[in-house]
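Novice:
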Amino acid sequence: MADTATTLTNAAMREQVRAGEGVWGFSRSQLVGVLALVAFILVAPFVLYPVFVMKLLCFALFACAFNLLIGYVGLLSFGHAAYFGMGAYITGYVAKAWGVTPVLAIIMGGVVAAAMGVVGGWIAIRRQGIYFAMITLALAQMVYFFCVQAPFTGGEDGIQAIPRGSFLGIVSLSNDMTMYWFTAAIFLAGFLLIHRIIHSPFGQVLKAIRENEPRATSLGYRTDDFKLMAFILSAGLAGIAGATKSLVFGIATLTDVHWAMSGEVVLMTLVGGLGTVFGPVVGAAVIVTMQNYLAEMGAWVTVIQGAIFVACVLAFRRGIVGEIANLLKVKL
Amino acid sequence: MDEIFGIPAPLLFGQLLLGLINGAFYAMLSLGLAVIFGLLNIINFAHGAQFMMGAFAAWMLLEWAGLGYWWALLLAPIIVGFTGVVMERLMISRLYKLDHLYGLLLTFGLALIIEGIFRNEFGSSGMPYRIPPELAGAWDLGFMFLPVYRGWVVIAALILCLATWLLIEKTRLGAYLRAATENAALVQAFGVNVPRMVTLTYGAGVALAAIGGVLAAPIYSVNPQMGTNLIIVVFAVVVIGGMGSILGSIVTGFGLGIVEGLTKVFWPEASATVIFVIMAIVLLARPAGLFGRA
């Protein structure tokens with residue numbers, strides 16, 4: 156992503172200069188963004204329908220996990236639905252069939268998704284660029300067909316009526332507000348974890364690989380190991396997003412593993428801004444809201460999503476947050 | 007010769023034929039993808055949607071204009087190819103200086119738009135398209151019945167693939183094309199209008215997909231989703247074959263179709279995933295693909 160990459164490099168250099176100023180590695184402008192995000196999370200359930208906001212947070216976490224790869228390693232995965240969907244299936248299955256408590260169920264969903272990421276990433280990182288996108292898409296399609304046939308997924312029906320259970324066996328999550336705070340905590344934890352990853356020495360190496368992989372290699376980094384690690388983290392977090400979603404709605408279906416879901420997360424991140432901290436969150440909010448209000452328009456939603464894709468690629472490559480950051484000359 | 011490896015011969019040959027037909031479509035589509043990728047350096051995600059447009063063009067020509075199969079075989083690629091030319095001029099041509107991934111994202115968006123529009127107009131259920139009377143019926147080959155139309159699809163696809171290969175490898179136009187793939191700036195300096203060649207190449211690749219759609223119309227039901235699921239498999243085929251060689255993509259396409267057909271006989275549950283598994287194995291052993299250059 157040549158032009159995003161250049162703007163990012165400049166921003167990254169400015170950020171390095173000001174590194175001492177921030178709190179937890181957030182620059183001053185990003186701190187404002189984080190406070191705004193936390194304020195939104197605190198106020199939203201009282202203004203908006205909590206289930207809607209929970210859906211938004213799940214997809215925001217999914218998009219952030221996806222952005223870890225495309226934004227910071229420069230790898231476009233077109234098959235992230237596999238990890239999101241498998242996280243949803245595993246959590247749904249263990250919560251319903253084995254009665255596992257929600258925290259443990261979500262962890263199991265994330266771990267299985269990460270384990271799949273080990274295999275998928277190990278295969279996919281052998282190629283770069285367009286091939287990487289095609290390989291991840293093909294591997295995800297394989298997972299889709301597996302889910303169509305595997306007995307535990309319930310085939311066309313999916314897993315339904317997944318119990319939310321109770322948090323640590325004490326607080327029941329069947330109430331939407333309680334579930335909301337649980338979901339919000341998972342989202343924030345994931346969001347901060349991704350931020351921490353990006354700003355760790357490990358994250359700096361990832362960015363170096365994105366900018367110039369041969370040079371990173373010549374500096375003595377085994378770039379494949381770093382790429383694989385980033386892929387596993389991204390897959391695991393996508394799995395946690397899917398896992399949480401399955402508990403919120405009580406269902407895990409083939410929609411979650413379908414290629415259209417992989418396309419949606421690409422769209423969310425693209426709309427919000429590739430390689431920005433808040434872009435995926437804003438993009439997820441835009442797309443989820445749009446789907447919510449246009450739901451009765453049927454196939455036109457697909458047409459509109461396609462049109463947004465085209466508009467973003469042709470005229471709007473920085474995305475919403477990227478454009479704002481550029482306008483204000485800050486890093487968001 | 008009633009049983010082979012404990013499998014009834016008619017079942018084995020029936021699935022082999024189905025595999026060969028699927029392989030014909032894999033070969034045609036991956037060939038178009040490879041030609042477009044060679045010169046434009048983009049992966050045309052809209053290829054499946056354009057394949058579907060070809061099938062719908064045939065259906066529309068029959069229902070709305072009364073023009074039959076043979077006219078469709080001629081007109082559908084021209085019409086759909088022209089939409090491809092317009093798309094290239096208006097949108098894709100703006101992306102050549104950017105990262106190739108943007109081309110993938112743009113054509114993915116275009117595929118969503120095309121598929122959504124057709125789903126709005128025609129719904130998700132398929133439309134039947136009759137086999138032309140000249141190609142109806144079946145031949146008795148002794149060991150199996152071969153529906154004439156299916157035989158025709160395999161032969162037509164082979165002819166089309168070989169003609170494309172000859173055009174690219176053996177003609178002056180093909181030489182320009184190969185030269186521009188290697189170094190577009192130099193070819194332009196020799197006085198060849200490279201931008202026009204790029205546009206026409208995209209149009210030709212799209213037309214190839216549309217011919218595939220017309221050929222597919224009487225076999226599969228004509229429906230808006232017919233292209234997308236196919237194109238993901240074709241992506242895997244392209245990764246397995248590598249996009250460096252035209253002949254390579256033809257061989258890989260037919261070969262994988264046959265492998266898929268055989269898997270349906272011996273292990274039906276795995277038939278949907280076998281091509282993806284092969285892709286993974288090939289990537290581990292030979293990351294550049296069977297015929298690719300690293």
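If you're matching them up, the sequences are chains A and B in order.
Here the first sequence is numbered in our numbering, starting from 156 and rising by one per residue.
Here the second sequence is numbered in our numbering, starting from 7 and rising by one per residue.
Each residue gets a CB set at the ideal place from its N, CA and C atoms; glycine is no exception.
Quick check for students: name the residue ranges of the alpha helix (DSSP H) that lie wholly in the region 235 to 312 of chain A, counting only runs of 4 or more.
Specialist: Runs found: 236 to 252, 257 to 279 and 284 to 304.
Novice: Could you run through the region 412 to 426 of chain A and flag, in chain order, every residue whose CB is less than 9 Å away from some CB of chain B?
Specialist: For the region 412 to 426 of chain A, which is checked against every Cβ of chain B, the residues closer than 9 Å are TRP414, ALA415, GLY418, VAL421, LEU422 and LEU425.
Novice: Quick check: what's the CA-CA separation for A/GLY405 versus B/PHE272?
Specialist: Counting from one through the first sequence, the residue named residue 405 of chain A turns up at place 250. Counting from one through the second sequence, the residue named residue 272 of chain B turns up at place 266. Using only the alpha carbons, I get a separation of about 38 Å.
Novice: Hey, A/ALA499 and A/PHE300 are a contact pair by Cβ (cut 8 Å); roughly how many whole angstroms apart?
Specialist: For chain A, the structure presents residues 156 to 487; residue 499 of chain A sits outside this window and is missing.
Novice: Using the three-state DSSP reduction, which class does A/PHE322 fall into: helix, strand or coil?
Specialist: Counting from 1 along the first sequence, the entry for residue 322 of chain A is found at position 167. It is a strand residue.
Novice: Going by C-alpha to C-alpha distance, which of A/GLY438, A/ILE278, A/VAL412 and A/PHE381 sits closest to A/VAL421?
Specialist: By one-based count along the first sequence, residue 421 of chain A stands at place 266. Nearest option by C-alpha distance: A/GLY438.
Novice: Could you compute how far the alpha carbon of A/VAL273 sits from the alpha carbon of A/PHE221?
Specialist: Reading the first sequence from its first residue, position 118 is the one you call residue 273 of chain A. Reading the first sequence from its first residue, position 66 is the one you call residue 221 of chain A. Looking at the two C-alpha atoms, the distance is approximately 15 Å.
Novice: Between the region 239 to 273 of chain B and chain C, which residues of the former have CB atoms less than 8 Å from a CB of the latter, in chain order?
Specialist: Note that chain C does not occur in the displayed structure, where the protein chains are A and B.
Novice: According to DSSP, which residues form a beta bridge with B/PHE151?
Specialist: Here residue 151 of chain B corresponds to residue number 145 of the second sequence, with the count starting at 1. The partner list for B/PHE151 (beta bridge, DSSP) reads B/ASP146.
Novice: Please specify which runs of the alpha helix (DSSP H), each continuous and at least 4 residues long, are wholly inside the region 258 to 299 of chain B, giving them in chain order.
Specialist: Segments of the alpha helix (DSSP H) lying fully in the region 258 to 299 of chain B: 280 to 291.
Novice: Would you say B/TYR108 reaches chain A, if we count a Cβ-Cβ gap shorter than 9 Å as a contact?
Specialist: Residue numbering aside, residue 108 of chain B sits at position 102 when the second sequence is read from its first letter. So, interface residue.
Novice: Rounded to whole angstroms, what is the Cα-Cα separation between A/GLY276 and B/GLY74?
Specialist: Residue mapping note: residue 276 of chain A aligns to position 121 of the first sequence, counting from 1. Residue mapping note: residue 74 of chain B aligns to position 68 of the second sequence, counting from 1. Answer to the nearest angstrom: the Cα atoms are 49 Å apart.
Novice: Among the residues of its own chain, which have a CB less than 8 Å from the CB of A/THR161, if the five just before and after it don't count?
Specialist: Residue numbering aside, residue 161 of chain A sits at position 6 when the first sequence is read from its first letter. The predicted model places A/THR161 with a pLDDT of 46, which falls under 50 and marks its position as unreliable, so this point remains unresolved.
Novice: Three or more beta-carbon pairs under 8 Å between the region 248 to 263 of chain B and the region 86 to 97 of chain B, yes or no?
Specialist: Counting Cβ pairs under 8 Å, fewer than three are found: no touch.
Novice: Residues of chain B with CB closer than 9 Å to the CB of A/MET297, please, in chain order.
Specialist: Here residue 297 of chain A refers to the residue found at position 142 when the first sequence is read from its first residue. Chain B residues near A/MET297: ALA242, ALA278, THR279, ILE281, PHE282, VAL283, MET285 and ALA286.
Novice: Using the beta-carbon count (16 or more within 10 Å), is B/ASP105 buried or exposed?
Specialist: Walking along the second sequence from the start, residue 105 of chain B turns up at place 99. Per the 10 Å Cβ criterion, buried.
Novice: Give a yes or no on whether the minimum CB-CB distance between A/ARG473 and chain B is below 9 Å.
Specialist: As a first step, residue 473 of chain A must be located in the first sequence, where it is residue number 318. No, A/ARG473 does not count as interfacial toward chain B.
Novice: May I ask you to report which of helix, strand or coil DSSP gives B/PRO134?
Specialist: The count along the second sequence starts at 1 and reaches residue 134 of chain B at position 128. In the structure shown, B/PRO134 sits in coil (DSSP, three-state: anything other than H, G, I, E or B).
Novice: By Cβ distance, which residues of its chain are closer than 8 Å to B/THR269, with the 5 residues on each side in sequence left out?
Specialist: Taking the second sequence and counting its residues from 1, one reaches residue 269 of chain B at position 263. Same-chain partners within the cutoff: ALA276, SER277 and VAL280.
Novice: Assuming B/VAL265 contacts B/TYR32 under a Cβ cut-off of 8 Å, what Cβ separation, rounded to an integer in Å, is found between them?
Specialist: Stepping through the second sequence from its first residue, residue 265 of chain B is reached at position 259. Stepping through the second sequence from its first residue, residue 32 of chain B is reached at position 26. Incorrect: roughly 11 Å between the Cβ atoms, too far for contact.
Novice: Can you find a C-beta in chain B that's less than 9 Å from the C-beta of A/ALA385?
Specialist: Position 230 of the first sequence holds residue 385 of chain A. So, not an interface residue.
Novice: Can you check DSSP and say which residues form a bridge with A/VAL407?
Specialist: Here the question's residue 407 of chain A lines up with position 252 in the first sequence. This sequence places Ala at residue 407 of chain A; Val is not what is there. Answer by DSSP bridge pairing, in chain order: A/ILE314.
Novice: Can you give the Cα-Cα distance for A/ARG473 and A/LEU483, rounded to whole angstroms?
Specialist: Locating residue 473 of chain A in the first sequence gives position 318, counting from the first residue. Locating residue 483 of chain A in the first sequence gives position 328, counting from the first residue. Taking the straight line from one Cα to the other gives about 14 Å.
Novice: Within 10 Å of its beta-carbon, does A/TYR204 have 16 or more other beta-carbons around it, so buried, or fewer, so exposed?
Specialist: If you number the first sequence from 1, residue 204 of chain A lands on position 49. It is exposed - the Cβ of A/TYR204 has fewer than 16 other Cβ atoms within 10 Å.
Novice: Compare the C-beta of A/VAL441 with all C-beta atoms of chain B and state if any pair is closer than 9 Å.
Specialist: The residue labelled residue 441 of chain A in the question sits at position 286 within the first sequence. With 9 Å as the cut-off, A/VAL441 does not count as an interface residue toward chain B.
Novice: Looking at the structure shown, is B/PRO14 part of a helix, part of a strand, or coil, going by DSSP?
Specialist: Counted from its first residue, the second sequence places residue 14 of chain B at position 8. Three-state result, B/PRO14: strand.
Novice: Indicate whether A/TRP455 and B/GLY129 have their beta-carbon atoms separated by less than 9 Å.
Specialist: The residue labelled residue 455 of chain A in the question sits at position 300 within the first sequence. The residue labelled residue 129 of chain B in the question sits at position 123 within the second sequence. No; because the gap between Cβ atoms is not below 9 Å, this pair is not in contact.
Novice: Excluding the five sequence neighbours on either side, which residues of its own chain have a C-beta within less than 8 Å of the C-beta of A/ARG365, listed in chain order?
Specialist: Numbered from 1 along the first sequence, position 210 holds the residue referred to as residue 365 of chain A. So the qualifying residues of the chain are ALA160, TYR227, VAL228 and GLY229.
Novice: By the criterion of Cβ-Cβ separation under 8 Å, what are the contact partners of A/ALA288 in chain B?
Specialist: Along the first sequence, one-based indexing puts residue 288 of chain A at 133. Correct list: ILE49, LEU107 and LEU110.
Novice: Short check: CB of A/GLY240 to CB of A/GLY418, under 9 Å?
Specialist: As a position in the first sequence, residue 240 of chain A is number 85, starting the count at 1. As a position in the first sequence, residue 418 of chain A is number 263, starting the count at 1. Not in contact: A/GLY240 and A/GLY418 (Cβ atoms no closer than 9 Å).
Novice: Can you tell me where the alpha helix (DSSP H) with B/LEU79 in it begins and where it stops?
Specialist: Counting from 1 along the second sequence, the entry for residue 79 of chain B is found at position 73. First-last of the alpha helix (DSSP H) with B/LEU79: 75 to 96.
Novice: Below 8 Å on the Cβ atoms is my guess for A/ILE464 versus B/PHE114; work out the distance and round it to an integer in Å.
Specialist: As a working mapping, residue 464 of chain A is identified with position 309 in the first sequence. As a working mapping, residue 114 of chain B is identified with position 108 in the second sequence. Sequence inspection shows Phe at residue 464 of chain A; the Ile mentioned does not correspond to that position. A/PHE464 to B/PHE114, Cβ: 6 Å. Contact.
Novice: Should A/VAL193 go down as buried or exposed, given a rule of 16 or more other Cβ atoms within 10 Å for buried?
Specialist: Locating residue 193 of chain A in the first sequence gives position 38, counting from the first residue. So A/VAL193 ends up on the exposed side.
Novice: In this structure, how does DSSP classify A/SER327 when only helix, strand and coil are distinguished?
Specialist: Position 172 of the first sequence, counting from 1, holds the residue named residue 327 of chain A. DSSP places A/SER327 in strand when its eight states are reduced to three.
Novice: Quick test of your reading: B/GLY263 and B/ASN28, contact by CB under 8 Å. State the CB separation rounded to the nearest angstrom.
Specialist: Within the second sequence, numbered from 1, the residue matching residue 263 of chain B stands at position 257. Within the second sequence, numbered from 1, the residue matching residue 28 of chain B stands at position 22. Correct: roughly 4 Å between the Cβ atoms.
Novice: By a C-beta neighbour count over all protein chains shown, 10 Å radius and 16 as the cutoff for buried, is A/ILE314 buried or exposed?
Specialist: Within the first sequence, the letter at position 159 stands for residue 314 of chain A. Buried: at least 16 other Cβ atoms inside 10 Å.
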